[in-house]
Structures are given as C-alpha cells and as structure tokens.
Amino acid sequence: MAKGVILLYKLFAPETKIPILAFSFIQFTTLALVILSIYFYSKFRDELLLKRIFKDFSIPNPSSITSDIFSGCITWSIGFPVSCVVSQLSDLAIYLLYGYQSYEQMAVKYLKATLESPLMLAIAIFTIIIAAPLTEEFLFRGMLQTWLKNKLGSKPAILIASLCFALFHVSSSQGLGNITLVLSLFSFACFLGFIYEKKASLYASIALHMTFNSISTFRILFFTDS
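Heads up: the sequence shown runs through residues -19 to 206, numbered per our numbering.
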C-alpha cells in the first residue's frame, strides 16, 4: 500500500516531494492494516494455522523461539556479505554497460530526510527497524511463501516469494539502480526464506530482517554523509 501511494505521487506529481510526515503516516497505516488483517484472519479462519505461520511446533524436534531469534541474528553474518557482493557486482556491471553509478534507496532518502527532526527520526527508525520487518515478513514469508509452498513446494516458494519481496522495493526514482536493488534484495530474501523454512518460525526471519535493517540504519546514520 505504501509503495502504491508513493507511486501515484511519482506518476501524477513527479515534481512534488513526499512530506516526511505523510510517508510516516502511510507506513503506520500499512502496519495497522496488517495487524487488523491478522486479527480478522485469526477470528474467521483457522487460528491454529495462524499460530503455525509464526511457529510450527508440530515438526520433529522443534527449536525454541529464543533459538530461532538467535539463529536469525547469526544468519545476518552470511546473508549480508552475500547481498553486498551481489550488489557490488551488479553496480560494476551497470557502470561498465551504461556508465551509471549513482542511486539511493527510497528508505535511505527517507531516513536522511528526518535527521533534522528528532521526532521524525524516531518514527523513521521505528518504521525501518520494527514495523517494516514485522509487516514484510508476515506478508512475504508468513503468508505468500506458506501459500506457495503448499502449491509448489519449498524451493520454488522461497524463490518466488523472494523475487516478490525484491520487486516490492522498486522505485522509479532509483532508475537503473533498481537492477542492483532487486538482485541484492533477492539474494538476501532467499536467506530470509531459507531460515523461515529451516526453523519453521517467522521469529527467525523477523530477527534476521531486523538485524539487517538495524545495522544498515546504524551505518547510514553514522558512516555516510547526510
């Protein structure tokens, strides 16, 4: 939803900058709708199925939720370097082919734009580190990957859900940088999908996603020019 509203701004008012407060409102509205969707899904559908999406204890020798969270955090040490290598190779290929080397993700622009306002910065950090991982993992791993797994099997489900996740972050303002973005996020999303499948736990993929966003946010705030 948030991406859809932003896309409308880009299409019909490309010269207009999206206000930070409006962007934050869109993100919180999206989070609220997802929470409501979870509530009504559990009310009118199989509540046990919803619980299994978050943690399936019916598998042989299920791990604890604490172990799932720890595994998710540790997986960052593998997933992040791989996505960085994919990103660098993609950037190099695009530069050699098109001479294009400058782009910035919308989330990065959004975060940097809030630096002058402590309140907006706090909202942005909450959105990036907490809200986005919760909503995106529930939608792409919990719902989409689970549904695809029942139809196609585990491996196709991970690949398709990962591709959908990567395409979800495409923005017209990023130009050819979208190629790098999609490839790097796809590679990272495969780790999200794998840890979710391996642990049968959404807590694991949420922990990995939060770790990735937390460290990326820290790097943006303290190791790049604002």
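Using N, Cα and C, we set each Cβ at its ideal position, and we do this for glycine too.
Asked	Found
Validate contact between the segment 184 to 197 and the segment 113 to 128 using beta carbons, cut 8 Å, 3 pairs	yes
Distance between Pro61 and Thr49 (C-alpha atoms, nearest Å)	Sequence inspection shows Ile at residue 49; the Thr mentioned does not correspond to that position. Each residue's alpha carbon lies about 20 Å from the other.
8 Å contact criterion, which Phe166 and Leu143 should meet: CB distance rounded	6 Å
Pick from Phe118, Ala87, Ile109 that is closest to Gln154, judged by C-alpha positions	Ala87
Proximity to Leu212 [Cα-Cα], best of Leu29, Gly52, Thr46, Ser57	Only positions -19 to 206 of the chain appear in the structure, and residue 212 is not among them; the question remains open.
Buried versus exposed, by CB contacts within 10 Å (16 or more), Val65	exposed
Arg199 classed as buried or exposed, judged by whether at least 16 other C-beta atoms fall within 10 angstroms	exposed
Euclidean distance between Cα positions of Leu207 and Phe37	Outside the modelled stretch of the chain, which goes from -19 to 206, sits residue 207, for which no answer is possible.
Residue environment, Trp56, which counts as buried when at least 16 other CB atoms sit within 10 Å	buried
Of the listed residues Ile140, Leu161, Ile103, nearest to Val150 (C-alpha basis)	Leu161
Sequence-distant residues of the same chain with beta carbon closer than 7 Å to Ile159, five excluded per side	Ser70, Ile74
Separation of Gly133 from Ile33, as counted between CA atoms	16 Å
Counted within 10 angstroms of its Cβ, other Cβ atoms place Gln85 as buried (16 or more) or exposed	buried
Residues that Ser181 bridges to, as DSSP identifies them	Lys35
Start and end residues, alpha helix (DSSP H) containing Phe60	45 to 78
Inter-residue CB distance, Lys31 and Ala180 (contact presumed, cutoff 8 Å)	Actually they do not touch by this definition, with Cβ atoms about 12 Å apart.
Cβ-based neighbour list, Phe203, same chain, cut-off 6 Å, excluding 5 preceding and 5 following	none
Cutoff 7 Å; reference Glu177; Cβ partners in own chain excluding five residues on either side	Ser134, Ile138
Burial state of Glu117, where buried means 16 or more other Cβ atoms lie within 10 Å	buried
Rounded C-alpha distance that separates Phe192 from Ile108	10 Å
Length at least 4, wholly inside the segment 124 to 148: the alpha helix (DSSP H) runs in chain order	126 to 132, 134 to 148
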